[in-house]
């Protein structure tokens, strides 16, 4: 088809292709399905759209791919989800971004890693927290650096068992149940 194609289906549409289907549209394709659309392709399906393609589905759209699905987008891809989006991956999930990535979460973000978690940063790393920050480790915590600077406006407290070292702008205080202080 060299020009435009408009398909409107108000009820149900079923399409079955046992072997190969090739669709080529020169300019634009606009398809509206009011209720259900079921497309089954036995072997291969190839679709070429010259300019734009638009699908409007009233209720639900289900895609099942037996082995592999590949999407190649020349410039930009955008996805808008009105309420919720869930992704379930059975084994492995990989994202490769050639440039910059920005994540914006409007409310809370919870990450749960069942195994180990590893982060590798090639240059600088900075974390900025408006409220409080907490780190709990059930095993050992190791910090290695050429220089370590702890800076607080009011107080720094170091605790080990029943011993405490408290640093304030006016005072360094060592509190311990032992009478011994080795300097």
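Residue numbers (the UniProt record's numbering): 1 to 183. Where a beta carbon is used, it is the ideal one built from N, C-alpha and C, also for glycine. Quantities reported herein were computed from a predicted structural model and do not represent experimental measurements.
Consult DSSP for residue 171 and reduce its assignment to one of helix, strand or coil.
-> coil
Alpha carbon to alpha carbon, what distance is there between residue 71 and residue 137?
-> 42 Å
Roughly how many whole angstroms lie between the Cα atoms of residue 164 and residue 127?
-> 27 Å
Please report the Cβ distance between residue 66 and residue 34, rounded to the nearest whole angstrom; I am assuming they are in contact, meaning their Cβ atoms lie under 8 Å.
-> Incorrect: roughly 28 Å between the Cβ atoms, too far for contact.
On the premise that residue 56 lies in contact with residue 32, defined as a C-beta separation below 8 Å, what is that separation, rounded to the nearest angstrom?
-> 5 Å
The beta strand (DSSP E) enclosing residue 48, as first and last residue numbers | 44-49
Between which two residues does the beta strand (DSSP E) harbouring residue 36 extend?
-> 36-41
Can you say whether residue 29 is buried or exposed, counting buried as having 16 or more other CB atoms within 10 angstroms of its CB?
-> buried
What residues are listed by DSSP as bridge partners for residue 154?
-> For residue 154, which the question treats as bridged, DSSP gives no partner whatsoever.
By DSSP, does residue 15 sit in helix, in strand, or in coil?
-> strand
When DSSP builds the beta bridges, which residues end up paired with residue 52?
-> 28
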